[in-house]
Amino acid sequence: MATCHFEKSLIVLLLILFTVGLSYTDALWRFDRWIYDAQLKLLATPASKDIVIIEVDQKSLQKLGRWPWSRDIHARLLETLAPAKPKAIGLDFIFSEADRQHPELDAHLSRALANYGQVVLPVIIEQNGNKMVETLPLPDYAKHAVLGHANVDLDKDGISRSILLQLSLGDSQWSAMPLAIYALSHPEILANLPGLRIETSPESMHGDYRVWLPFFAPGSDFVRVSYLDVLSGKVSGQLFTDKYVLVGLTASGIERDLPAPLAIGSRPMSGVDFVAAGLDGLLKQTLWQPLPGHWQFLLSLAIAGIAIKISTCFSLRWLALAVSTLSMAILLFCLVLLHTSHYWFAPSVALLVLIISYPLRSWRHFEKLIQSLFAERKRAYITLNAIVDGVITTDNKGSIEYMNAAALDIIGSKRPKTSSQNIDDIFSLEIDGKPHRIAELIQQSVINQGPLKISNSRLSISDHYAMNANLTIAPLIGSRGALMGTVLTINDIGERMLMAKMLLKKAEEQTVMRELINRTEQVSLAKSQFLSQMSHELRTPLNAIIGFAQLMQMDDPEHPLAETHLDSVNEILKAGLHLLGLINELLDLAKIESGKISVNIGSINLAELIKDCQTLITPLVQNKGLALIVDNPLPENIELQADPKRAKQILLNFLSNAVKYNRPNGSINLSSSWVDDNRVRISITDTGKGLAEQQQQLLFQSFQRLGADNTEIEGTGIGLAITKQLAELMNGTVGVSSTPGVGSTFWVELLIR
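Heads up, the sequence shown is in full-length UniProt numbering, so the first residue is 1 and it goes up one at a time.
Right under this line is the structure:
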C-alpha cells in the first residue's frame, strides 16, 4: 500500500515538474505551430471582396519597361483611381530617393498624392551596420501621405504568421501598413489596439501589439487586376469604388516572397499579399493573439491536474480511452477558443503531459510484463546454449526447426541450408553396427508418446566425421495435448574422453614444469652461495696484494725503487683495485639475488646528491677529455626518499658508464626533471655510439656486456643489473633511451619525501 501511494506521489511530482519545465522553456514550440497551422485551415474564411490588388506583373513590366518605373507612371495611376473614390490606396513601394535627372516627375507624383490624400506609403526599419535606421519616403511624398511600416517578423521556423501593429525607433512611431490603411476610414481603432503587448528596450527598435493573421481560405483570392490594364482603361473605375486598393509587386524575380501557413496554391506570399492579409483580418475583426503567458501556464497546469486525476482514478483498461478522449477535447477547446475569443492556447505541453501520464501510471504493470517475457526468453536461451549436449527440435516428420549452439558446433560447416531440412540429410546413425534412420526413430517416439534412449551409438555427420554419442528422442506435447514435434539430444562421449586425456597430459606437464622450477631455484641458490663464498675467498688475498703494493709505492729515501719498478707497482695496484671493484659487484649481486641486501631509506637532498656525484666523477671526466654539463632546474630544497649510499652508487654507475662508452671530445649531461607531483627523474645523457633496440632489451640483465668484451673497456656486465635492483628496492625505476650513432640517456626515478 505504501509503495502504491509513493508511486502516485511520484507521478504527480513528475507531471508538475514536466509542465513547469516545458512551459518555461517553450521547448515544444514547433509542435504548437504545427497544430496552429492545422487549425488555421479549419477557421480560414474567404478573402475579403473589399480589397483590390493592383499587380505589377510580368505583363505590365513587358509593356511599361523594366523596374523601377518613372514616378509619373504612379502619378497617372493615382489620377486614374481618384474619380472612383476608393476608401484608401496603399502603394507598397519605397520612394526614398529623388529622380535628379527628372525632378518634374517627382513633382508630378507629389501633386497626385496631395490631390487624393488617402494614400499610404511604407516605411522600412532595418539594420545598417551596428545601427537601426529608418528608410522614409521623400519629404514631399511623406507630407501628403500616411506612413506605415512594412516590416515582417518570421517565427523560429521561418514562417510569417504575425505582424506588429506598432513599431517605433527613438521618437518615431509607425503603425503597420494594414493598420494605417484601415485607420483612414476607422480612426477609432487607434485608441484601442488589439494584440499582445511586448516589453523591449527603448534604446532599440520597439515593436508592440503583436497579432497573428487568420489569412484566408486557400481556395479563395483577393480581386486582382494588372497595373497595365488599369492605366490603359481596360478596368472599370467602379471596381475600386469604396474599396481598399493595394498596389504592389507580384512579378517573380523582383519581389521577396514571404512563407506563410496559408496562401494561394500553397505558394509563398508577396509583400502586397501580406499587407492584404493583415487588412483582411482588420476588416473581419478576426486578428488573433496568443494567450498571455500566465494564463497559458495556469491552463497547462490545470490540464496536468486533470491528467493526474485521470491517471490515478482510471484503471489501466480504461485509461487509454480516457487519455485519447481528453486529448481530442483539448484540441477542440483550442479551436473553439481561437474562433470565439481570438486567443490561441498552445496545447503541446498539456497534450504531452496528458499522453505521458498513461505510461507513468502503467509503467509498473508493463515493466513486470516485459520483464517476465524477457526473463522467460532469456532463461530458455541461456539454458539451451549452456547445455553441453546438442539439442535439435524437429517436427513429427523429422524436419529441423531449431538447433542450439552445441548442436551447431557438432555439425560444423554442414549446417542446414534451410530451416526445414530433414535431419537424415545431416546425420547417419549406427546402433550395434546396424544403420538406422533418425526420422524413423522420431516416428517411433511419436507413436509411443514417450522418450526413446539410445546409448553408445555411432553418429556420423554427412560422412565428414563420426563420434560416439548417447541419443535421446522425446516428443514435444503442447499445453492442450497437441503434438508439436520432437526434441533430439546428442551427448558426445568421445569429446569427454578426449578432454580426460588432455587433462591427464596437462597434469603431467605441470609436474615436469614444477620439477624444472625447483631445479632452477636450487641452481640459482647454489650460484649465489658460490659467488658469495668465492668473493670472500678472493677478497682476502687481494687486500693483501693491494696493501703490499701500496707499501711499495710509498717513497723510501734509503731504498728508492727504480722508475720501471714503480710503474710495475702502479700497474699491480691499478689491476688489484679494479679486481676488488669487480669482486664487490659480485658480492652485491649475490646479496641481492639471495635477498640478504638491505637499503636504509632515508632523506637525501637532490642538489647535494648531484653535486657530490659531480665532484667524484669530474677527475675521470677530465682525464678522458670530456665535457660535463649539469642542469638542475628543480628547487634546492627537494628531498628524495632513498638510501643516500645506494642512490649515489646508481648515479656514479651511470656516470662512469657514460665516461667509459663515450666518444673522444664528447660530452655528458646530468639533468633533473619532474615526472609527477611525487617523483623526480635524474638523467645522464652521453654522446657515445648508442644502442640498438634489441641491445636495450638485454641491457639490465646480469653479465650482458653487449659486445664490449672485445674492446679495451673493462667491466663484468653486472653494474646495470645491480643498479636496476637497487632502484627497485628504493621504490624507484630505471630506464634507457638510445639512438645508434647519437648517444644514450640513462635515467632513474625516485620518490620525493
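Here a beta-carbon is modelled for each residue, glycine too, at the ideal position from N, C-alpha and C. Computed from a predicted structure; not experimentally measured.
Shortest Cα-Cα distance from G719 to any of R437, L652 and S185 involves L652. In this model, G90 and V120 are separated by some 5 Å (Cα to Cα). Rounded to whole angstroms, A302 and A114 show a C-alpha spacing of 57 Å. The count of Cβ pairs closer than 8 Å, one atom from the segment 431-449 and one from the segment 502-510, stays below three, leaving the stretches out of contact.
Each residue's CA atom was taken as its position, placing K63 and P46 some 32 Å apart.
Comparing alpha carbon positions, the residue from M205, S110, F95 and L61 closest to M132 is M205. The DSSP assignment places complete alpha helix (DSSP H) segments of no fewer than 4 residues inside the segment 138-215 at 139-144 and 177-183, in order along the chain. The three-state reading of DSSP puts G271 in helix, counting H, G and I together. Comparing C-alpha distances from V659 to each of E79, T687 and F427 shows the shortest one belongs to T687. Beta-bridge analysis with DSSP links I477 to L483.
With a contact defined as Cβ atoms closer than 8 Å, D492 and I431 miss out at about 16 Å. Linking M177 to Q166 through their CA atoms gives a straight-line distance of about 10 Å. Excluding five sequence positions before and after L384, the CB atoms of its chain that fall closer than 7 Å to its own CB belong to V391 and N404, given in chain order. Contact between L471 and S460 fails: their C-beta atoms lie close to 13 Å from each other, not under 8 Å. Inclusion of T394 and V446 in the CB contact set at 8 Å is not warranted, their separation being larger than that value. Using a Cβ distance threshold of 8 Å, I668 and L626 count as a contacting pair. Residue burial is scored here from C-beta neighbours: D171 has fewer than 16 other C-beta atoms within 10 angstroms and is therefore classed as exposed. For R71, the enclosing alpha helix (DSSP H) covers residues R71 to L81. Around Y116, the same chain offers L78, L81, A82 and I89 as residues with beta carbons nearer than 8 Å, after the five sequence neighbours per side are excluded. In the DSSP annotation of this structure, the continuous segment of the alpha helix (DSSP H) that includes W34 starts and ends at W29 to L43. Here E515 is not bridged, per DSSP, to any residue.
In the DSSP secondary-structure assignment, M499 is not bridged to any residue. Judged by DSSP secondary structure, E728 falls outside any beta strand (DSSP E) and instead within the alpha helix (DSSP H) spanning G719 to L729.
Collapsing the DSSP output to three states places A406 in a helix. Using a Cβ distance threshold of 8 Å, L640 and L750 count as a contacting pair.
In this chain, the alpha helix (DSSP H) harbouring H108 covers P103 to Y116. Short of 8 Å from the beta carbon of V275, and not among the five residues preceding or following it, lie these beta carbons of its own chain, in chain order: G90, D92, A150, M177, P178, I181, L246 and G248. The residues L626 and T687, in chain order, have a CB closer than 6 Å to that of G666 in the same chain once the five nearest residues on each side in sequence are set aside. Classified as buried, H108 has 16 or more neighbouring CB atoms from the shown chains inside 10 Å of its CB. DSSP, read as helix, strand or coil, puts Y661 in coil. Excluding residues up to 5 positions away in sequence, S671, T745 and W747 lie with their Cβ nearer than 6 Å to the Cβ of S683 in the same chain. By DSSP's assignment, I124 forms a beta bridge with T135. Within the model, the alpha-carbon separation for Q238 versus K143 is close to 29 Å. With respect to G148, L213 sits apart: the two C-beta atoms are not nearer than 8 Å. Annotated three-state conformation of V680 is strand, per DSSP. Inclusion of I490 and A466 in the CB contact set at 8 Å is not warranted, their separation being larger than that value.
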